[in-house]
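Notes for the one structure printed next.
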Amino acid sequence: MMKRRDFLFGSAALATGAVLAGKVPLVGMARAAAPDLDGRARLQMPPLLDATQSGEFTLNLQEGTQRFVMNNPSPTFGINQGYLGPTVRMAPGSSRADVKNTLDEGVAMHWHGLLVPGEQDGGPHQPIAAGGRWNTDLDINQLPATAWYHAHTHGRTAQQVYNGLAGFIQIDDGRDHDRGLPSNYGVDDLFLVIQDKRFDENGLLVFDSSMMTAMHGFFGNTIVVNGQVGAVCTPPKGLTRLRLLNGSNARSYGLFFDDLREMHLIATDSGYLQKPTALTQLRLAPGERVEVLVDFSKGGPARLLSWGDMNQSLKGYQGPIPTNIQEWSALGAYSILPFQPDERLKSGVDRLPDELDGEPAEMAQKPVRTREFTLDMGMGMMMARAMGGSMMGINGKGFDMERIDVEAKVGTVERWIISAHMQVHPFHIHGVKFLVENQVGQPPRPEERGWKDTVIVEEESQVLVRFDHAAPKERPYMYHCHILEHEDAGMMGQMSVT
Ligand code: C2O
Ligand code: CU
Ligand code: CU
Numbered sequence: 230m231m232k233r234r235d236f237l238f239g240s241a242a243l244a245t246g247a248v249l250a251g252k253v254p255l256v257g258m259a260r261a262a263a264p265d266l267d268g269r270a271r272l273q274m275p276p277l278l279d280a281t282q283s284g285e286f287t288l289n290l291q292e293g294t295q296r297f298v299m300n301n302p303s304p305t306f307g308i309n310q311g312y313l314g315p316t317v318r319m320a321p322g323s324s325r326a327d328v329k330n331t332l333d334e335g336v337a338m339h340w341h342g343l344l345v346p347g348e349q350d351g352g353p354h355q356p357i358a359a360g361g362r363w364n365t366d367l368d369i370n371q372l373p374a375t376a377w378y379h380a381h382t383h384g385r386t387a388q389q390v391y392n393g394l395a396g397f398i399q400i401d402d403g404r405d406h407d408r409g410l411p412s413n414y415g416v417d418d419l420f421l422v423i424q425d426k427r428f429d430e431n432g433l434l435v436f437d438s439s440m441m442t443a444m445h446g447f448f449g450n451t452i453v454v455n456g457q458v459g460a461v462c463t464p465p466k467g468l469t470r471l472r473l474l475n476g477s478n479a480r481s482y483g484l485f486f487d488d489l490r491e492m493h494l495i496a497t498d499s500g501y502l503q504k505p506t507a508l509t510q511l512r513l514a515p516g517e518r519v520e521v522l523v524d525f526s527k528g529g530p531a532r533l534l535s536w537g538d539m540n541q542s543l544k545g546y547q548g549p550i551p552t553n554i555q556e557w558s559a560l561g562a563y564s565i566l567p568f569q570p571d572e573r574l575k576s577g578v579d580r581l582p583d584e585l586d587g588e589p590a591e592m593a594q595k596p597v598r599t600r601e602f603t604l605d606m607g608m609g610m611m612m613a614r615a616m617g618g619s620m621m622g623i624n625g626k627g628f629d630m631e632r633i634d635v636e637a638k639v640g641t642v643e644r645w646i647i648s649a650h651m652q653v654h655p656f657h658i659h660g661v662k663f664l665v666e667n668q669v670g671q672p673p674r675p676e677e678r679g680w681k682d683t684v685i686v687e688e689e690s691q692v693l694v695r696f697d698h699a700a701p702k703e704r705p706y707m708y709h710c711h712i713l714e715h716e717d718a719g720m721m722g723q724m725s726v727t
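Counting in our numbering, the sequence shown runs from 230 upward without gaps.
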């Protein structure tokens, strides 16, 4: 496992300003000074691909390069660009996706967080061959949310996502302004995908798919946000919306600001809460999203940090607030992203909304049944043989494309009890949203009290799942560990909903 001191604290040496700096829309107060970024690059947003009017969009899966460190172009995969993809903004209703695979390998492209029927879900049964193309409708009948798309190819998900096959989805009903929420893309509404990577001595991406990596998951030693290393986020000097996606293969984060300023949680995976919840720390596992409002109106720098070892357990911090990164580092924290408010930018919102119009976090129906899932780590050959040759499994069985593990009924609710030992696993279910009832008998953490599609399993998590959408046996939904190495190694099952 990585050592904390391997982490790069956003150092100037690694920033490649000239290459990475781009344009940021400027509004108002033209005479205010640009923030002093100390030679570091400004953090860029993914390009916005707005499909709310046209109802259609094209994704080109392609080879590319990205200059992460040392200004050396590293070979990557990207979507409509060299690394990662655009933010696809869709309105509720029907959209049409045209996914073209120009890569030399097959790719299945999944819409994580879209509650669409099994035929549209883009799981491992729907690979797009090298040079091929997938046209699908996306029937979106859900409230606004931050979702994402990423590769979901049988046995190849970890490598392909690591290489860059992922991007944000924004479901937008155009009413955020009425809700009193920042909604100016890339200005006061910021999309941040957090990943961890490793690089070789030439600055090229390194991925390792050894047995040990499969067991623990892949951990990098360098934090990359929106494909940049060492860049500075420049929010307006005011209330700013941060949409945080953990797009890492395996690493969980325990996020907080260096001055422990409040993060006002407004949305979890599947959409808005009913009112903002103030948090000073929150945990974010691979696949999870949160939206928070953070106040930068005092100006001055701030830094988003994470606790180390979040894949083991979450600790909180009560002591005095350190004043610099070295002191935080001594406490076991590392830097995710520095912020330097830009006085020339304005937030569209100057106060927190009292209320939001999220769906109440209550399950109206009673569960029709309870199912139990144990996430198994195969220790050696015996276990692997028992799990049908897989290193990992669920309830003693490795993933099998030919086997339907769960048959659920549309319109029903079920209680799922998921347990895991030795390690923390994020558990994701396609095509549904759920509520966390309890975790090892305790009420869920505050950041897990809204509607979700991914939940951290630390020993045991109990959730109530509502099946609103159908998936036939030939196009089943997946449920799996979102440590992508575990998923690829067999910690995944299939579910039909009829
Ligand atoms: Cu985010 Cu089945 O995946
Ligand atoms: Cu999914
Ligand atoms: Cu796992």
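Note that the Cβ used here is the ideal one computed from N, Cα and C, for glycine as well. Computed from a predicted model, the values in this text were never measured in an experiment.
Buried versus exposed, by CB contacts within 10 Å (16 or more), Lys595: exposed
Whole angstroms is fine: what's the gap from Gly251's alpha carbon to Met440's? At Gly251 the pLDDT is 40, less than 50, meaning the model places this residue with poor confidence; the figure from the coordinates comes in the next sentence. Cα-Cα distance, rounded: 40 Å.
Take Gly660 as the anchor and find which of Asp682, Glu643, Pro567 and Ser648 has the nearest alpha-carbon. Asp682
Can you tell me whether DSSP reads Ser558 as helix, strand or coil? helix
When Pro505, Gly335, Tyr482 and Gly500 are compared against Glu491, the one with the closest alpha-carbon: Pro505
Can you give me the start and stop residues for the alpha helix (DSSP H) that Leu713 sits inside? Leu713 to Asp717
Check whether Ala479 and Glu716 have beta carbons under 8 Å apart: no
List the residues that DSSP assigns as beta-bridge partners of Asn667. Gln691
Could you check the C-alpha separation between Lys527 and Val422 for me, to the nearest Å? 25 Å
Taking the alpha-carbon positions, what's the Arg695 to Pro346 distance? 14 Å
Candidates Gln349, Ala380 and His379: which alpha carbon is nearest Ile369's? Gln349
Report all residues for which the CB-ligand distance to some heavy atom of ligand 2 is below 5 Å; order them along the chain. His341 and His659
I'd like the list of long-range same chain contacts for Gly719, defined as Cβ closer than 7 Å, with 5 residues on each side in sequence excluded. Met616, Ser619, Met620, Met621, Gly622, Gly627 and Phe628
For His406, the nearest candidate out of Gln652, Val597, Asp586 and Val669 (CA to CA): Asp586
Would you say the region 496-513 touches the region 548-566, given that touching needs at least three Cβ pairs under 8 Å? no
Between Asp583 and Val653, what straight-line distance do the alpha-carbon atoms span, to the nearest angstrom? 34 Å
Whole angstroms are fine: how far does the CA of Gly432 sit from the CA of Asn300? 8 Å
For the pair the region 675-690 and the region 414-430, tell me if three or more CB-CB distances fall below 8 Å. no
Go ahead and pull the three-state DSSP assignment for Val597. coil
Could you tell me the distance, in whole angstroms, from the CA atom of Val227 to the CA atom of Phe428? Residue 227 cannot be examined here, being either before or after the span of the chain that is shown, 230 to 727.
Distance between Ala699 and Tyr312 (C-alpha atoms, nearest Å): 33 Å
Are there any heavy atoms of ligand 1 lying less than 7 Å away from the beta-carbon of Gly351, as far as the coordinates show? no
Return the chain-ordered ranges of every beta strand (DSSP E) run that is complete within the region 437-503 and spans a minimum of 3 residues. 451-454, 468-475, 482-486 and 492-497
Residues near Pro655 in its chain [Cβ-Cβ closer than 6 Å; skip 5 each side]: Ala514, Pro515, Gly516, Thr683, Ile685 and His711
Three-state class that DSSP yields for Ala613 in the structure shown: helix
Verify the contact flag: Cys710, CB atom, against every heavy atom of ligand 3, threshold strictly below 7 Å. yes
To the nearest whole angstrom, what separates the beta carbons of Phe306 and Leu332, a pair I think is in contact under 8 Å? 7 Å
Since Tyr391 is in the beta strand (DSSP E), which residue starts that stretch and which ends it? Not the beta strand (DSSP E): Tyr391 falls in the alpha helix (DSSP H), residues Thr386 to Asn392.
Below 8 Å between beta carbons: does that hold for Arg512 and Glu636? no
Considering only residues of the same chain and omitting the five flanking positions on each side of Met651, which have a CB-CB separation below 8 Å? Met606
Let me make sure I understand the geometry here. Which of Pro264, Gly548, Pro589 and Pro701 has the alpha-carbon closest to that of Tyr501? Pro589
DSSP three-state label for Pro505, please. strand
Which residues in the same chain have their Cβ closer than 6 Å to the Cβ of Ala259, if we skip the five residues on either side of it in sequence? Confidence is the limiting factor: at Ala259 the pLDDT is only 49, short of 50, which leaves the residue's position unreliable, though a coordinate-based value still follows. Taken in chain order, the list of residues that qualify is empty.
Check whether the Cβ of Met707 lies closer than 7 Å to any heavy atom of ligand 1, and answer yes or no. yes
How would you label Asp571, buried or exposed, when you count the other beta carbons within 10 angstroms and need 16 or more for buried? buried
Are the beta-carbon atoms belonging to Val519 and Thr497 less than 8 Å from one another? yes
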